[in-house]
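Chemist: Sequence lines, in order, name chains A and B. Everything in the first sequence is counted per the numbering used here, starting at 3 for the first residue and increasing by one. Everything in the second sequence is counted per the numbering used here, starting at -18 for the first residue and increasing by one. Where a beta carbon is used, it is the ideal one built from N, C-alpha and C, also for glycine. Being a predicted model, the structure only gives us computed values, none of them experimental.
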Amino acid sequence: MQFDLSDDQRLLVDTVTSFVKKESPVERFRRLRDEDSIGWSREVMKKMGDLGWLAIPFREELGGLGGSFVDVALILEQLGAALVPEPYLASIVLGGMALAHAGNAEQHGRYLAPAIEGSKTLALAYAEEDGRYDLARVSTRAEKSAKGYRLSGKKRWVLNGHAADAIVVAARVGGEVADREGIGLFVVDRDAVKIDVVRTMDGHRAAMVTLDGVEVGADQRLGDEGLPVLERVVDGGAAAACAEGLGLMNASLRITRDYISQREQFGLKIGSFQALQHRAVDMFVETELARGTTILAAVRVEDPDPRERQRGVSIAKVHLASGGRFVAQQSVQLHGGIGITDEADIGLYFKRMHVLNALFGDEDHHLARVAATG
Amino acid sequence: MDLSFTPEERAFREEVRSFIASALPAHLKPKAEIDGHFEIDEIMEWHRILFQKGWVAPHWPKEFGGPGLDVTRRFILTEELELSGAPALLPFGLAMVGPLIMQFGNDAQKKRYLPKILSGEEKWCQGYSEPNAGSDLASLKLRADDAGDHFVLNGQKTWTTYAQYADWIFLLARTDASAKKQSGISFLLCDMKTEGVRVRPTLTIGGTHAFCDTFFENVKVPKENLVGPLHGGWTLAKALLGHERTLVAAVGSSARTLLRAKRIARDTLRDGRPLSDDPLVRAKIARMECRLEALKMANYRAIAGAKHGHAPGAESSILKLRGSEIVQGMYELCLELMGHNALTWMNPDGTVPGSEQWVGPNYNYLRAATIYAGSNEIQKNIIAKLILGLPS
Ligand SMILES: Cc1cc2nc3c(=O)[nH]c(=O)nc-3n(C[C@H](O)[C@H](O)[C@H](O)COP(=O)(O)OP(=O)(O)OC[C@H]3O[C@@H](n4cnc5c(N)ncnc54)[C@H](O)[C@@H]3O)c2cc1C
């Protein structure tokens, strides 16, 4: 057992932290949220590319740095702590990883390379209306056509779908709606699909994607059977949510501790009341436990055995659901009235936490997986 | 022990139900259905309809225009109104300042203010909290200086719900700066149109502008707007907090949110089957239902006690505490059941199934239920001292 960060990892954390401090204080997210924009900055994404962060999880032959998911988690934790809105998770962990796992050299060059540079971004479209968190429940169809395939169907809540240059889409090439076989992955230009931009609770944008007989070439299909890749990638999303969530929990705890340390009522700092001290300690306990489970998820998500992978990720996501929610709720509570205002940053963390809980499988979904793999 | 309502009480419940069904304007029904955010005009429209029926203020005595209902019928009426999803009326006039004026006001004040509260002609807001006086309300600083026939107000109130729409504000102000905390406070009524009153609405995490900062700069308030004794406002403040506490059990609205949870569970598919087929989901919903039923029993006990003229006991102190937790828990349950649709935020109709689009905003806003009307931590302090008799 060894939990220490390497020198390189420590350096990475320091660089991300100081970059975020300089380039992306919370006010920047707030401004982008309130402006009529895509909600993030292409320039900042490019800078992240220049720093090499977007290359971290990819093999060297793909233009990556061959880093581990733990490195990715360290980055996401810091981005989460400052609510950095750039689509690292959507473009790198989801779209990028799907391409990396399933794509061929030509597809890598065309779609993945620019995402690693940060000059373009990706998205992954998998969720469907009645699918809930079941990745096999794909009703979007890919029918053979003269050129390759014709895609028809609807995808919901596609993160970064509104701004991505290309979207990886799960569609059925054969079988029935819930079959584990017959799911293909296709990389589709965003301009080829119909996008309805939607708002999410955390102040981000996402897309509802309609594929209305979209023609794609045979060379836009990624690999063969799509489900194993999709499951691996979405587990990556869950592990990433845990890492970002850890950043949210840490930041929420710090902000709340600072607040109750200076707010006075009854002639005393409210942080001196034992009821609130105990609450803050409970928040701290949940956060420390989340650090452990986040490491578990980040390590296990790369386990070649799907069962180990699922189990590690699910344990972490269950902890995020309960511990993260507790920290988010109590942070607002301990702020009193000001916690209910949109002006206070704590509410932004609160909302983001609930979005992470609803993504990549909720508590029940992951509890069921833990039960199934125990 | 008898847990049943009398046949007359049951008939009354039926009467209330059918009245609401026929009287709620058709254009408000879709929003009522989904617990959407009612605009102030919509709230006041419903207020006027209930006024006409004579039910706008279930707990007001007959002499002031109330329906003269007994405790049980009042409860039934309130519960059914909450259950229906009709706009919740503004409590500031009907449930707060109105009863205080009845109890502490003089005849001129009763005549001047009560009828317009009842008819909805004048809307009120509550000016208690200040930036540095929340839980510790008695440390409030808004000054009301004696200037002969009037007071001059300077200072700020905060979190003033719906001040942006209010015609009047009732407030606690410091009239004697030299007296110790609780003793130098007076209870005043101030016309919001008076020069020097300024309101700044604040966006909440629920996505609506529910409350405001309210600023007072050399605002003149005639002395006749003092309610109760000069420097005696703390007695009124405490009386009001008692009223407030019984308001927030919110049994009816939680029952309604429970129905919403059941509906979402029925309409949401997993593995091609409704979520409500899943024993674990059913157990989760049933657990919330048990919590609600337990709260209901506590509420009934409080009502029965009041009917026999008993002072509110322990059961009423826990109504706010547990009621607010249940309000929040019900929405949390709905949000969980929604899966990905829980992401939605102020999107066009149809983005998620209709009844679900306000779950997220309501869930967020209702984090306030454990903060306002005396935070739950403060309630626990009170119960620890006054009921358990623990040493301080
Ligand atoms: C949505 C909303 C609407 C409101 N509407 C109105 C309105 O219309 N009019 C009005 O006057 N006010 C209104 N309020 C204000 C409300 O009454 C106050 O928010 C409440 O009294 C708490 O005060 P505070 O916000 O200053 O928090 P604080 O008093 O600063 O409390 C912060 C935290 O410390 C805790 N705490 C404080 N003291 C203690 C203690 N002794 N022991 C343990 N814990 C403690 C609190 O419980 C809370 O968790 C509203 C508030 C909200 C959120």
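Among A/284, A/267, A/210 and A/231, which has the Cα closest to the Cα of residue 252 of chain A?
Modeler: Of the listed residues, the one whose Cα sits closest to residue 252 of chain A is A/284.
Chemist: List the DSSP bridge partners of residue 82 of chain B.
Modeler: Its beta-bridge partners do not exist; DSSP assigns none.
Chemist: Got a sec? Which residues, its chain only, sit under 6 angstroms from residue 238 of chain A by beta carbon, not counting five neighbours each side?
Modeler: Excluding positions up to five away in sequence, the list reads 95, 99 and 303.
Chemist: Could you tell me the distance, in whole angstroms, from the CA atom of residue 213 of chain B to the CA atom of residue 117 of chain B?
Modeler: Using only the alpha carbons, I get a separation of about 17 angstroms.
Chemist: Starting from the C-beta of residue 213 of chain A, find all residues in its chain whose C-beta is less than 6 angstroms away, skip the five residues before and the five after it, and write them out in chain order.
Modeler: Cβ within range, chain order: 153, 154, 155 and 195.
Chemist: Which value, in whole angstroms, describes the spacing of the CA atoms of residue 63 of chain A and residue 22 of chain A?
Modeler: Spanning the two alpha carbons is a distance of roughly 29 angstroms.
Chemist: Looking at chain B, which residues of the segment 331 to 354 of chain A have a Cβ within less than 8 angstroms of any of its Cβ atoms?
Modeler: Listed in sequence order: 331, 334, 335, 338, 339, 341, 342, 343, 344, 345, 349, 352 and 353.
Chemist: Kindly indicate which residue of B/71, B/-16 and B/36 has the alpha-carbon position closest to the one of residue -4 of chain B.
Modeler: The shortest Cα separation from residue -4 of chain B among B/71, B/-16 and B/36 belongs to B/36.
Chemist: Are the beta-carbon atoms belonging to residue 165 of chain A and residue 202 of chain A less than 8 angstroms from one another?
Modeler: No, the Cβ-Cβ distance between residue 165 of chain A and residue 202 of chain A is not below 8 angstroms.
Chemist: Check distances from the C-beta atoms of the segment 243 to 255 of chain B to those of chain A and list, in chain order, the residues that come in under 9 angstroms.
Modeler: Going along the segment 243 to 255 of chain B in chain order, one finds 249, 250, 251, 252 and 253 with a Cβ nearer than 9 angstroms to chain A.
Chemist: Taking the straight line between their C-alpha atoms, what separation do you get for residue 198 of chain A and residue 162 of chain A?
Modeler: Those two C-alpha atoms are separated by around 12 angstroms.
Chemist: If contacts are defined as beta-carbon pairs under 8 angstroms, then residue 172 of chain A and residue 125 of chain A qualify, I think. What distance do you get, rounded to the angstrom?
Modeler: With 8 angstroms as the limit, residue 172 of chain A and residue 125 of chain A do not qualify as a contact, their Cβ atoms being about 12 angstroms apart.
Chemist: Starting from the C-beta of residue 49 of chain B, find all residues in its chain whose C-beta is less than 7 angstroms away, skip the five residues before and the five after it, and write them out in chain order.
Modeler: Excluding positions up to five away in sequence, the list reads 42 and 43.
Chemist: Would you call the CB atoms of residue 182 of chain A and residue 141 of chain A closer than 8 angstroms?
Modeler: In this structure, residue 141 of chain A does not lie closer than 8 angstroms to residue 182 of chain A by Cβ.
Chemist: Which residues in the same chain have their Cβ closer than 7 angstroms to the Cβ of residue 327 of chain A, if we skip the five residues on either side of it in sequence?
Modeler: Excluding sequence neighbours, residue 327 of chain A sits near 355 and 359.
Chemist: Which residues, in order along the segment 247 to 277 of chain A, keep a beta-carbon less than 7 angstroms from a beta-carbon of chain B?
Modeler: Against chain B - using a Cβ distance shorter than 7 angstroms - the residues of the segment 247 to 277 of chain A are 267, 268 and 277.
Chemist: Between the Cα of residue 336 of chain A and those of B/333, B/342, B/359 and B/77, spot the shortest distance and give me the residue it belongs to.
Modeler: Closest by alpha carbon: B/359.
Chemist: Is any heavy atom in ligand 1 found nearer than 7 angstroms to the beta carbon of residue 171 of chain B?
Modeler: No, ligand 1 has no heavy atom inside 7 angstroms of this Cβ.
Chemist: For residue 349 of chain B and chain A, any beta-carbon pair shorter than 8 angstroms?
Modeler: Chain A contact via Cβ: present.
Chemist: Quick one, which residues of the segment 123 to 135 of chain A are near chain B if we go by CB-CB under 8 angstroms, in chain order?
Modeler: From the segment 123 to 135 of chain A, only 129, 132, 134 and 135 have a Cβ closer than 8 angstroms to chain B.
Chemist: Please state whether DSSP places residue 167 of chain B in a helix, a strand or coil.
Modeler: Note: residue 167 of chain B maps to strand in three-state DSSP.
Chemist: Check distances from the C-beta atoms of the segment -7 to 21 of chain B to those of chain A and list, in chain order, the residues that come in under 9 angstroms.
Modeler: If the cut-off is 9 angstroms between Cβ atoms, the segment -7 to 21 of chain B has nothing near chain A.
Chemist: Are the segment 250 to 270 of chain B and the segment 127 to 141 of chain A in contact at 8 angstroms, needing three or more beta carbon pairs?
Modeler: Yes: the two stretches touch, three or more of their Cβ pairs being nearer than 8 angstroms.
Chemist: Less than 7 angstroms separating the Cβ of residue 265 of chain A from some heavy atom of ligand 1?
Modeler: For ligand 1, at least one heavy atom lies less than 7 angstroms from the Cβ of residue 265 of chain A.
Chemist: Using a beta-carbon distance below 8 angstroms, is residue 115 of chain B in contact with chain A?
Modeler: Chain A contact via Cβ: present.
Chemist: Using the Cβ count rule (16 or more neighbours within 10 Å means buried), how would you classify residue 274 of chain A?
Modeler: Residue 274 of chain A should be labelled exposed.
Chemist: By Cβ distance below 8 angstroms, which residues in the same chain neighbour residue 446 of chain A in space, the five residues on each side in sequence not counted?
Modeler: This structure does not reach residue 446 of chain A, given that chain A is present from 3 up to 376, and the question cannot be answered.
Chemist: Quick one: is residue 287 of chain A buried, meaning 16 or more other Cβ sit within 10 Å of its Cβ, or exposed?
Modeler: Exposed, because fewer than 16 other Cβ atoms sit within 10 Å of the Cβ of residue 287 of chain A.
Chemist: Considering only C-alpha positions, which residue in the set B/200, B/170 and B/271 is nearest to residue 107 of chain B?
Modeler: Of the candidates B/200, B/170 and B/271, the one whose C-alpha sits nearest the C-alpha of residue 107 of chain B is B/170.
Chemist: Counting along the chain, where does the beta strand (DSSP E) carrying residue 182 of chain A start and finish?
Modeler: Unbroken run through residue 182 of chain A: none, as it is neither H nor E.
Chemist: My output table needs one value for residue 212 of chain A: the three-state DSSP class, helix, strand or coil.
Modeler: DSSP places residue 212 of chain A in strand when its eight states are reduced to three.
Chemist: Cβ-heavy atom distance between residue 168 of chain B and ligand 1 below 7 angstroms?
Modeler: It does not: the Cβ of residue 168 of chain B is nowhere closer than 7 angstroms to a heavy atom of ligand 1.
Chemist: Rounded to a whole number of angstroms, what is the C-alpha to C-alpha distance between residue -11 of chain B and residue 52 of chain B?
Modeler: Cα-Cα distance, rounded: 14 angstroms.
Chemist: Classify residue 333 of chain B as helix, strand or coil using the three-state DSSP reduction.
Modeler: The answer is coil: DSSP assigns residue 333 of chain B none of H, G, I, E or B.
Chemist: Work out the CA separation of residue 270 of chain A and residue 262 of chain A for me, nearest whole Å.
Modeler: C-alpha separation (whole angstroms): 10 angstroms.
Chemist: Between residue 140 of chain A and chain B, is there a C-beta pair that is closer than 8 angstroms?
Modeler: No, residue 140 of chain A does not count as interfacial toward chain B.
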